[in-house]
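S.K.: Residue numbers (mature numbering (1 follows the signal peptide of the UniProt record, and there is no 0)): -16 to -1, 1 to 234. All residues carry an ideal CB built from backbone N, CA and C; glycine is no exception.
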Amino acid sequence: WKLFSGLLCFFSTVSPDVINKQEDLALRGNATQSSSSDFPQFHAALANDGITNTNIYALSCSTTDRENQPWWRVDLLDVFNIGKVIVTNRGDCCPERLNGTEIRIGNSLQNNGNNNPRCAVINSTVPAISYNFTCNMTGRYVNLVIPADGAVLTLCEVEVYKAPELIKKGNLRMKMYSSENLGDSTVTDKVLQQVRKRERNDDQKSDFLSVNLFNFQSFFLYRLNLLPSEQRLLLSCTGPAIQNFSELKM
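1) DSSP puts Gly123 in a beta bridge; with which residues?
2) Would the stretch 61 to 80 and the stretch 120 to 133 be scored as touching if the rule is three or more Cβ pairs under 8 Å?
3) Just how far apart, CA to CA, sit Leu137 and Asn91?
4) For a test of the three-state rule: what should DSSP assign to Glu80, helix, strand or coil?
5) Mapping the DSSP letters down to three states, classify Ile87 as helix, strand or coil.
6) If the criterion is Cβ atoms closer than 8 Å, does the pair Asn32 and Arg88 meet it?
7) Please go through the same chain and pick out, in chain order, the residues whose beta-carbon is closer than 8 Å to the beta-carbon of Phe23, but skip the five residues on each side of it.
8) Pairs of beta-carbons, one from the stretch 92 to 111 and one from the stretch 73 to 84, closer than 8 Å: are there three or more?
9) Within a Cβ cutoff of 7 Å, which residues of the same chain sit near residue 241, ignoring the five residues on either side of it in sequence?
10) Can you check DSSP and say which residues form a bridge with Tyr115?
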């Protein structure tokens, strides 16, 4: 909870679990690929090591043998709502090899995970570029597969990010005791005009309800129905000055 002096009194209305800085889920996952016998130094884990160097000889890219329907897979170790997948292509040679690569996401390992629902197909192969695909799919496994014979799958980095958290908004009920005549519609309208929801823009976790008390000398009792718990805030203000603030658990 945060409270600021001045014209506005703030208190948090929701406490969602928000990731301020997105985490690349692939970094903590286990990668495997269909083959690497010809070039064992270019193993699967090089495609989810957090290094986006596009020169394969810097040992920052994975590659398979030339084979039928080569694939690469990362096991995220849990099921996630996946918002986007970013694929970085090789830059020093052969960018066309990535053409036709499918991104598939799901929970099945049937056919090595290549039968899971498809998010996207890479149809353009510019060297050293990172392709950003919006998926909004649920799954534990992220596969990249080329559904063609005699193909080579080379990946310099695969990044996987969660979809934005959906915040379930609760209802706010505010009971007000005031020396003002709240039976007067004019006064009531003036009070309600001072109450509004404020969206944060400073990467903090919570939005706030803002109450401008500059024009009122009042005692307020707020009762908030929050998920999963219910809390009561007691806020006493005189004009713009904050006199007392407390949180009472119910």
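M.R.: Well, looking at it:
1) Phe64
2) yes
3) 22 Å
4) helix
5) strand
6) no
7) Thr47 and Asp49
8) yes
9) The chain is shown from -16 up to 234; residue 241 falls before or after that span and cannot be answered.
10) Answer by DSSP bridge pairing, in chain order: Val71.
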